[in-house]
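Asker: Quick one: the structure is below, and I'll ask about it shortly.
Chains as they are written, first to last, in our numbering: chain A, 1065 to 1489; chain B, -7 to 294.
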């Protein structure tokens, strides 16, 4: 059975990220002949000797004109073991919001560092974002190893710089790999030119990482998307059918499990787990199912069905960390919409409690946040939500802030002190 | 890789994501519609919609932008599917626009770019606020940058430089009157995923997708079917070859490929081994320029 892994790539300008991605696609035979022909043709037009694999990933006209990647692009490749969804995030400083976007859904972030330059400011920012967004795995590709003659000492120095910085940002188990994306060393196959490195290649690493936590170890969280109530429309058999459709955000559910509905607090038990393919005895994250309950409980979109063994508190006061994604400034007194799971509520920004200095990895006082800033906010909500610490649950600790007037997405939010946890160390 | 029964396979994962997306739209929008051409991607999307709301019928109509150059087998398949599922079908006809002068036939005869106006008029006329499309990010470079929820302005335009960031699985479908949102539930699927899913779910498709004998002639490296909408010019000779279609668009610009693949499993094996992209092999309109798709999308194309 083939599984799926989502990865996000990030790096500074000119560290060879597009080349690495191009090589992963090319060497895993995910680049097809006509795409490659086009790249070769354009490379030749530009007077290049080799095909510039970076051209495979730059999709928009303005990107090709400027020779930079502006927006997150999604790429797909597969091996016999696994299918991969790759979010290719632009390297420019001003596009940090794209890194946040890519990291939000990633099982692993692949960061590039030029071995000649070592750890850059941008690397530390990307490590901080990975830590903040609780990406389960981070791989740091120490690239252009061919340009330092495959020198182990140079690699070791950069690798230990990376590890020190990662630890300071609260990241553990960061994997470093010496690579030449251009030549292909340690990208798909292990290279003979780095005999002092006995670890796996980038692709081997990606094939063997565990995607996410075990569903059975987490409490059930089930945000209700909508109520399935066919009434007359599906014949007599389903006249009284009432099911709650959603995608399991975390944990495991079995028929007979005691559950609590939030925010009402009413309790019931799971009477059935339905799918179009038939009834299930158990289901787990991230399956999309329809739950039936034993009791007639008032449930609608925006409610959550959770295990009665672990019921999160509901609150109208949310402290959170936000990555600000808009040109408009955030200040205390701003009214916004907050989207959490399947519910959207009005929110008032009561306080901006500081801004994260990513270079120093600490919080400094600030009373406003601008584009690409990450900071701490206190929000008052018009109605309660079951807000859980993002630190403990990526699935139920995340929220968006939305402009109520034009609908723009203003911020990526994380409930709790994810920021302090990152910055305090 | 894993024998853990509590791990989804990649197809199960993709299915679950798509169902979540489709349900979000029905929960948050007033008047969704699904673009349905009878092509494999729209067939898979409709199959996912059926599964998302079971046992309820699919709670939205389907819309077909008919170029007037469609394969008759595909139109028959479209009608049979709509009938079987009890759906309401709306058709926006490019031919009507040409007949009454609102659109003019292009010199090259292809009608794909002409679909934009009837599509936008249908969206406006029916006040559809969410439009499901079967676009996949692996199809083409501009599509690789597309969001799952993609906002369109009053003119139906896509602004690739000003897209909303899309975080976690929290989709932002807010829009103001006149705007609408294009939603791509199978964004993350590849051509191979689609075929593997068609095999796993035993989904029926128009017969054109499987190998059959057909009179074709070669133009610009593509095999075009001899018929009302495509006739060989001087120097182009007609042969009967065993072919199938990888996409089933406008007959005047959609090419067949040589293929012996008669069953789903044959097609899966063929797609897994192929060395040419789906659009590169079969769509003349995407060969016009490096940015052909981007330009059409900006104007409001699918």
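Don't be surprised by glycine CBs; every beta carbon is placed ideally from N, CA and C.
Along chain A, which residues have their Cβ under 8 Å away from the Cβ of residue 187 of chain B?
Answerer: Residues of chain A passing the Cβ test: none, with the nearest at roughly 13 Å.
Asker: In this structure, does DSSP put residue 1183 of chain A in helix, strand or coil?
Answerer: The answer is coil: DSSP assigns residue 1183 of chain A none of H, G, I, E or B.
Asker: Along the segment 124 to 142 of chain B, what residues have a CB closer than 7 Å to any CB found in chain A?
Answerer: Cβ contacts with chain A: 129, 130, 133, 134, 136 and 137.
Asker: What residues from chain B crowd round residue 1365 of chain A, counting only those whose CB sits closer than 8 Å?
Answerer: Result: 19.
Asker: Give me the chain A residues within the contact set of residue 2 of chain B, using Cβ-Cβ distance strictly less than 7 Å, ordered along the chain.
Answerer: Under the 7 Å cutoff, chain A gives 1066, 1067, 1068 and 1147.
Asker: How far does the beta strand (DSSP E) with residue 1285 of chain A in it extend, from its first residue to its last?
Answerer: Taken as a continuous stretch (DSSP letters only), the beta strand (DSSP E) holding residue 1285 of chain A covers 1285 to 1287.
Asker: Would residue 1285 of chain A and residue 1370 of chain A qualify as a contact pair, given that the criterion is a beta-carbon distance under 7 Å?
Answerer: Yes.
Asker: Could you pull the DSSP bridge partners for residue 1072 of chain A from this structure?
Answerer: According to DSSP, residue 1072 of chain A bridges with A/1151 and A/1173.
Asker: Between residue 1010 of chain A and residue 1409 of chain A, is the Cβ-Cβ spacing less than 7 Å?
Answerer: For chain A, the structure presents residues 1065 to 1489; residue 1010 of chain A sits outside this window and is missing.
Asker: State the beta-bridge partners of residue 1356 of chain A as determined by DSSP.
Answerer: Its beta-bridge partners are A/1336.
Asker: Could you check whether the Cβ of residue 43 of chain B sits closer than 7 Å to any Cβ belonging to chain A?
Answerer: Yes, contact with chain A.
Asker: Are the beta-carbon atoms of residue 1346 of chain A and residue 1146 of chain A separated by less than 7 Å?
Answerer: Going by C-beta atoms, residue 1346 of chain A is not nearer than 7 Å to residue 1146 of chain A.
Asker: Show which residues of chain B have a CB atom less than 7 Å away from the CB atom of residue 1137 of chain A.
Answerer: Going along chain B in sequence order, the residues near residue 1137 of chain A (Cβ under 7 Å) are 136 and 137.
Asker: Using 10 angstroms around the beta-carbon of residue 1294 of chain A, count the other beta-carbons present and answer buried if the total reaches 16, otherwise exposed.
Answerer: With 16 or more Cβ atoms within 10 Å of its Cβ, residue 1294 of chain A is classed as buried.
Asker: Tell me whether residue 1418 of chain A sits in a helix, a strand or coil according to DSSP, three-state version.
Answerer: Looking at residue 1418 of chain A - three-state DSSP - the assignment turns out to be strand.
Asker: Work out the CA separation of residue 223 of chain B and residue 1476 of chain A for me, nearest whole Å.
Answerer: Each residue's Cα considered, the two are about 55 Å apart.
Asker: What separation, rounded to the nearest whole angstrom, lies between the Cα atoms of residue 1273 of chain A and residue 1070 of chain A?
Answerer: Distance between the alpha carbons of residue 1273 of chain A and residue 1070 of chain A: 11 Å.
Asker: Would you say residue 56 of chain B faces chain E, with C-beta separation under 7 Å as the test?
Answerer: Structure shown: chain E not included; protein chains present are A and B.
Asker: Between which two residues does the beta strand (DSSP E) containing residue 207 of chain B stretch?
Answerer: Element bounds for residue 207 of chain B: 204 to 211.
Asker: Going along chain B, which residues have a C-beta under 9 Å from residue 1302 of chain A?
Answerer: Chain B residues near residue 1302 of chain A: 47 and 48.
Asker: Going by DSSP, which residues form a beta bridge with residue 82 of chain B?
Answerer: Paired residues: B/55.
Asker: Kindly indicate if chain B contains any beta-carbon less than 7 Å away from that of residue 1279 of chain A.
Answerer: Taking Cβ atoms only, chain B reaches closer than 7 Å to residue 1279 of chain A, which makes this a yes.
Asker: If we require 3 or more residues per run, which beta strand (DSSP E) segments fall completely within the segment 1340 to 1396 of chain A?
Answerer: The qualifying runs are 1342 to 1344, 1346 to 1348, 1352 to 1357, 1368 to 1371 and 1379 to 1388.
Asker: Short of 8 Å Cβ to Cβ, which residues in the segment 1150 to 1183 of chain A face chain B?
Answerer: Those residues of the segment 1150 to 1183 of chain A that come within reach of chain B (Cβ to Cβ, closer than 8 Å) are 1161, 1162, 1164, 1165, 1168 and 1169.
Asker: Spell out whether any CB of chain B is found under 7 Å from the CB atom of residue 1348 of chain A.
Answerer: True, the Cβ-Cβ gap to chain B drops below 7 Å.
Asker: Given 8 Å as the limit, is there contact between the segment 1327 to 1335 of chain A and the segment 1244 to 1258 of chain A, that is, 3 or more CB pairs closer than that?
Answerer: The segment 1327 to 1335 of chain A vs the segment 1244 to 1258 of chain A: no contact.
Asker: What do you reckon, are the CB atoms on residue 86 of chain B and residue 105 of chain B nearer than 7 Å?
Answerer: Result no, Cβ atoms of residue 86 of chain B and residue 105 of chain B do not sit closer than 7 Å.
Asker: Flag this pair as yes or no: are the beta carbons of residue 1151 of chain A and residue 1072 of chain A separated by less than 7 Å?
Answerer: A contact, by the Cβ cut-off of 7 Å.
Asker: Is there contact here, the segment 1222 to 1233 of chain A with the segment 1179 to 1197 of chain A, by at least three beta-carbon pairs under 8 Å?
Answerer: These segments touch.
Asker: Identify every run of the beta strand (DSSP E) within the segment 217 to 244 of chain B, keeping only runs that are complete inside it and at least 3 residues long; order them along the chain.
Answerer: Within the segment 217 to 244 of chain B, the complete beta strand (DSSP E) runs of at least 3 residues are 230 to 237.
Asker: Closer than 7 Å, CB to CB, is residue 12 of chain B near chain A or not?
Answerer: Yes - at least one Cβ of chain A is within 7 Å of the one on residue 12 of chain B.
Asker: Quick one: measure Cβ to Cβ for residue 1200 of chain A and residue 1172 of chain A, integer angstroms, because I've assumed they're closer than 8 Å.
Answerer: Correct: roughly 7 Å between the Cβ atoms.
Asker: Cβ atoms of residue 191 of chain B and residue 260 of chain B: under 7 Å apart, would you say?
Answerer: Going by C-beta atoms, residue 260 of chain B is nearer than 7 Å to residue 191 of chain B.
Asker: Against chain B, does residue 1311 of chain A count as a neighbour if the rule is that its beta carbon must be under 7 Å from one of theirs?
Answerer: For residue 1311 of chain A, the answer is yes, since a Cβ of chain B falls inside 7 Å of its Cβ.
Asker: For residue 1235 of chain A, which of A/1244, A/1338 and A/1198 has the nearest alpha-carbon?
Answerer: When only C-alpha atoms are compared, the closest one is A/1198.
Asker: Could you check if residue 71 of chain B is buried or exposed, using at least 16 other CB atoms within 10 Å of its CB as the buried criterion?
Answerer: Exposed, since its Cβ has fewer than 16 Cβ neighbours within 10 Å.
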